[in-house]
Amino acid sequence: MEEGTATLSGGACGCGGGAAGAVPRKEEDYRGDEGVEAAGLDGTSFLPNPSAAHTPAAAASTAQPQVEKKKGKMPAGHGLRSRTRDLFARGFRKKGYIPLTTYLRTYKVGEHVDVKVNGAVHKGMPHKFYHGRTGRVWNVTKRAIGVEINKQVGNRIIKKRIHVRVEHVQPSRCQEEFRLRKINNDKLKAEAKACGEVISTKRQPAGPKPGFMVEGTTIETVTPIPYDVVNDLKGGY
Numbered sequence: 035m036e037e038g039t040a041t042l043s044g045g046a047c048g049c050g051g052g053a054a055g056a057v058p059r060k061e062e063d064y065r066g067d068e069g070v071e072a073a074g075l076d077g078t079s080f081l082p083n084p085s086a087a088h089t090p091a092a093a094a095s096t097a098q099p100q101v102e103k104k105k106g107k108m109p110a111g112h113g114l115r116s117r118t119r120d121l122f123a124r125g126f127r128k129k130g131y132i133p134l135t136t137y138l139r140t141y142k143v144g145e146h147v148d149v150k151v152n153g154a155v156h157k158g159m160p161h162k163f164y165h166g167r168t169g170r171v172w173n174v175t176k177r178a179i180g181v182e183i184n185k186q187v188g189n190r191i192i193k194k195r196i197h198v199r200v201e202h203v204q205p206s207r208c209q210e211e212f213r214l215r216k217i218n219n220d221k222l223k224a225e226a227k228a229c230g231e232v233i234s235t236k237r238q239p240a241g242p243k244p245g246f247m248v249e250g251t252t253i254e255t256v257t258p259i260p261y262d263v264v265n266d267l268k269g270g271y
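Residue numbers for the sequence shown, in the numbering used here: 35 to 271.
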C-alpha cells in the first residue's frame, strides 16, 4: 500500500510541475484558460507551461475585452483637381469626339478668349481657378495659347500668364455687342453728316415712361359698407 501511495504522490508531483505534495488539477480546470489546449482525443492533456496561464499578465489579458478599432474616414484632398467632378464634366450631349473646328480655329495676339476646361483632354489643362474666366491672348505656340488673366490676390489684382492647349479655350463673345454698336454708330454718323446734322451716339439711361390721358371711361365711386355681425351670420349681403 505504501508503494502505491508513493506512486500516486509521484504522479501528482509530475503534474504539479515538480512540487512535492501538490494537488493535481483536473482537465476541466484548464479548459477555461486562454492559449492552453485542454484534453485531446485520447484523454491526455497538453499543458506546455501550466504556470504561465496563471501569471498576472495572462490574468490581465483575459480580464480586458478586446475592442475593435474603428476605421477612420480619409481626410478631404486638396489636390490640383479636387472638387472638379461636376466642374470639369462635359455638358449634356457634348461627349464624344472633339470637333475639328477646335483645332482649325485661328487665334491672334490681342484677342479675347474664354478658358473652358475639356475634361477629356488631360494635357495642357489649366488650374481649376481659371475655368470660366476670360483673358487676352499674348502668345501663340504650336499646340497651345498663351492667355493673360487677371487674378485677385488679397487686395491686389495680378496679371497671370498661362499656356493652355487649344482644347481648353474658345473665342470670347465679350466684345460682340460693342462691335455691333460701333458699326451702328458709324452708320448713324454718316447719315447725320449727309443731312448736315450733329447727333450724339452716347448711350443714355432709360427715362420714365411718358404720361397719357385715359378717355372714354365712366367714373364710379365705391363706398365701403360697414361690417354687420348679424348680417354676416345670416350669409352676408
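The beta carbon of each residue, even a glycine, is placed where N, CA and C say it ideally should be.
Whether residue i touches residue j by CB criterion (8 angstroms)
i, j, result
"I183", "Y141", "no"
"G169", "V181", "yes"
"E145", "V171", "yes"
"L121", "K157", "no"
"K150", "Q204", "yes"
Pick from the options that is closest to residue i, judged by C-alpha positions
i, options, result
"H294", "D266, P258, D148, R213", "A query on residue 294 cannot be resolved here, the shown segment of the chain reaching from 35 to 271 and no further."
"V155", "T136, V143, N173", "T136"
"T175", "K243, V143, A224", "V143"
"R195", "N173, E210, V248, G125", "N173"
Counted within 10 angstroms of its Cβ, other Cβ atoms place residue i as buried (16 or more) or exposed
i, result
"N152", "buried"
"M159", "buried"
"Y164", "buried"
Residues near residue i by beta carbon distance below 8 angstroms, same chain, minus five either side
i, result
"N219", "T235"
"R177", "G158, R199, V200"
Cβ shell of residue i (< 7 angstroms), same chain only, five flanking positions each side left out
i, result
"C208", "H146, T168"
"K193", "E182, N184"
"A123", "G153"
Residue-level contact to chain B via CB, residue i, 8 angstroms cutoff
i, result
"R127", "In the structure shown, chain B cannot be found, because there is only a single protein chain."
6 angstroms Cβ shell around residue i - same chain, five flanking residues per side excluded
i, result
"R115", "none"
"G45", "Residue placement at G45 is flagged as unreliable, the pLDDT there being 44, under the threshold of 50; the coordinate-derived value follows with that caveat. Here the set comprises nothing."
* Any contact of the region 185 to 202 with the region 220 to 232, i.e. 3+ C-beta pairs under 8 angstroms? -> Because the criterion of three Cβ pairs below 8 angstroms is not met, the region 185 to 202 and the region 220 to 232 do not touch.
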